[in-house]
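**Q** Line by line, the protein sequences are chains X and Y. Residue numbering for the first sequence follows our numbering, beginning at -8 and increasing consecutively. Residue numbering for the second sequence follows our numbering, beginning at -8 and increasing consecutively. Don't be surprised by glycine CBs; every beta carbon is placed ideally from N, CA and C.
There are 2 protein chains.
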Amino acid sequence: METAAVAASGAGRRIMVAVDEGEESLHALNWCLANVVSPAGGDTLLLVHARRPRPVYAAMDSAGYMMTSDVLASVERHANAVSAAAVDKAKRVCADHPHVKVETMVESGDPRDVICDAADKMAPDLLVMGSHGYGFIQRAFLGSVSNHCAQNCKCPVLIVKRPKE
Amino acid sequence: METAAVAASGAGRRIMVAVDEGEESLHALNWCLANVVSPAGGDTLLLVHARRPRPVYAAMDSAGYMMTSDVLASVERHANAVSAAAVDKAKRVCADHPHVKVETMVESGDPRDVICDAADKMAPDLLVMGSHGYGFIQRAFLGSVSNHCAQNCKCPVLIVKRPKE
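#1: Can you find a CB in chain Y that lies within less than 7 Å of the CB of Val97 (chain X)?
#2: Taking Cβ-Cβ distances shorter than 8 Å, what residues in chain X pair up with Ser74 (chain Y)?
#3: What residues in its chain sit with their C-beta under 8 Å from that of Arg83 (chain Y), if we drop five residues either side in the sequence?
#4: Is the separation between the beta-carbon of Met113 (chain X) and that of Ala9 (chain X) shorter than 7 Å?
#5: If you reduce the DSSP assignment to three classes, tell me which class Lys112 (chain Y) lands in.
#6: Taking the straight line between their C-alpha atoms, what separation do you get for Arg5 (chain X) and Cys140 (chain X)?
#7: With DSSP run on the structure shown, which of helix, strand or coil describes Ser122 (chain Y)?
#8: To the nearest angstrom, report how far apart His88 (chain Y) and Leu37 (chain Y) are at their CA atoms.
#9: Where do the N-terminal and C-terminal ends of the beta strand (DSSP E) with Ser99 (chain Y) fall, by residue?
#10: How big is the Cα-Cα spacing for Pro154 (chain Y) and Asp116 (chain X)?
#11: Between Ala147 (chain Y) and Leu149 (chain X), how many whole angstroms is the CB-CB distance? I'm expecting something under 8 Å.
#12: Once DSSP output is grouped into helix, strand and coil, what is the label at Lys145 (chain Y)?
#13: Mind listing the chain X neighbours of Lys112 (chain Y)? Cutoff is C-beta to C-beta under 9 Å, in chain order.
#14: For Ser60 (chain X) and Ala109 (chain X), I'd like the C-alpha separation in whole angstroms.
#15: Using a Cβ-Cβ cut-off of 7 Å, state whether Asn21 (chain X) counts as contacting chain Y.
#16: Once DSSP output is grouped into helix, strand and coil, what is the label at Arg43 (chain Y)?
#17: To the nearest whole angstrom, what separates the beta carbons of Gln142 (chain X) and Asn138 (chain Y), a pair I think is in contact under 8 Å?
#18: Spatial neighbours of Ala163 (chain Y) within its chain, please: C-beta separation below 6 Å, excluding the five flanking residues on both sides.
#19: Buried or exposed for Gly100 (chain Y), going by 16 or more other Cβ atoms inside 10 Å?
#20: Out of X:Val93, X:Glu14, X:Glu98, which has the shortest C-alpha to C-alpha gap to Gly3 (chain X)?
#21: Hey, does Asn71 (chain Y) have any beta-carbon neighbour from chain X nearer than 7 Å?
#22: Are the CB atoms of Glu15 (chain Y) and His123 (chain Y) within a distance shorter than 7 Å?
#23: Considering only their Cβ atoms, is the gap separating Cys85 (chain X) from Val91 (chain X) smaller than 7 Å?
#24: Using the C-alpha atoms, what's the distance from Asp111 (chain Y) back to Asp11 (chain X)?
#25: Just grab the DSSP bridge partners of Arg5 (chain X) for me.
#26: DSSP on Val10 (chain Y), reduced to helix/strand/coil?
#27: Closest to Lys80 (chain Y) by CA distance: which of Y:Val136, Y:Ala31, Y:Leu20 is it?
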């Protein structure tokens, strides 16, 4: 669609955008920047990311591999790196729109709870998200996070789908 | 929130808004007019309304009342009047925003199908709706229409909730 932008005639709005490691949320973020955010400036994007919670492992996994503290630390570092990369990528996208203020929130946990809690706490004017499952539950429950947030968040919820190529 | 509006920098956008007889969809329409539609003009609102489908009655209902053609015609007139009132009310709300073009679509059927089919056919840039059940399934399935459309419509879907008073 044609580039359209929001000209805020009053104080800027706070628009929460849920980001994860996938392309779907990046598409939603780009759509939001193109179609919702005011080009005149003043709006703030609150990027919310749910980091995989620290898993609880048995001392030995199914393959008989010892889950030593070194292995656990390595897994956690990887998870944190993935999270950081997702947030950084989203921030870089926003950097192309210097009139937009950006804040980030990263919390560990189920994306459904993280996003809804963040929306409750920050009371944004709008929550924007992609439609496919977030993060580690992506393949299991298509759309479950966006459905959950659409049902449970009190603010307006905008669900943006990435067209199938 | 502060009044914000969308300034379309290119061709106007086509924004579909699902309307029914309830207050929820009116609230969504007003939010859309305040926060999405361009004040500079050029945007078109496509108001979609699902009219109750013509019911199929047995010749005699459970109370033993004969469902004569007169009665059926009366019921249908009432249903059409309710539909017309819902659409008219929405159009009057839009009339306060003369820079917005308005088109209406009324189809009989289940709101989930009517709205999704309309979105498929008209390919709007955005679909806006309230969160509570539409029309005759309102009390039965809270949120089922918006959930269905959020899952099945390809366009971005914005679900606006009416705050509890």
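**A** According to the structure data:
#1: Using beta-carbon distances, Val97 (chain X) does not count as an interface residue toward chain Y, since no partner is under 7 Å.
#2: For Ser74 (chain Y), no chain X residue has a Cβ inside 8 Å of its Cβ, as the nearest lies near 26 Å away.
#3: If you ignore the 5 residues before and after Arg83 (chain Y), its C-beta comes within less than 8 Å of no other C-beta in its own chain.
#4: Remark: C-beta atoms of Met113 (chain X) and Ala9 (chain X) do not approach each other more closely than 7 Å.
#5: The answer is helix: DSSP assigns Lys112 (chain Y) an H, G or I state.
#6: Taking the straight line from one Cα to the other gives about 17 Å.
#7: The answer is coil: DSSP assigns Ser122 (chain Y) none of H, G, I, E or B.
#8: Cα to Cα, the separation comes out at about 14 Å.
#9: Its beta strand (DSSP E) spans residues 92 to 99.
#10: Straight through space, the alpha carbons of Asp116 (chain X) and Pro154 (chain Y) are spaced by roughly 13 Å.
#11: For clarity, residue 147 (chain Y) is Pro in the given sequence; the question names Ala instead. The Cβ separation is near 6 Å, so the contact holds.
#12: Here Lys145 (chain Y) sits in coil by DSSP.
#13: Within 9 Å of the CB of Lys112 (chain Y), no CB atom of chain X is found; the nearest one sits about 17 Å away.
#14: If you take the alpha carbons of Ser60 (chain X) and Ala109 (chain X), they lie about 31 Å apart.
#15: At least 7 Å separates the CB of Asn21 (chain X) from every CB of chain Y.
#16: Coil at Arg43 (chain Y), not helix or strand.
#17: Between Gln142 (chain X) and Asn138 (chain Y) the beta-carbon gap is near 7 Å, inside 8 Å, which marks them as a contact.
#18: Beyond the ends of chain Y as shown, which are -8 and 156, falls residue 163 (chain Y); an answer cannot be given.
#19: Answer is exposed; the Cβ neighbour count stays below 16.
#20: Cα-wise, what sits closest to Gly3 (chain X) is X:Val93.
#21: So, not an interface residue.
#22: Closer than 7 Å, so yes.
#23: Yes, Cβ-Cβ distance for Val91 (chain X) and Cys85 (chain X) is below 7 Å.
#24: Cα atoms of Asp11 (chain X) and Asp111 (chain Y): separation of roughly 28 Å, rounded to the nearest angstrom.
#25: According to DSSP, residue pairing for Arg5 (chain X) in a beta bridge involves X:Thr35.
#26: For Val10 (chain Y), the three-state secondary structure derived from DSSP is strand.
#27: Measuring from the Cα of Lys80 (chain Y), the nearest candidate turns out to be Y:Leu20.
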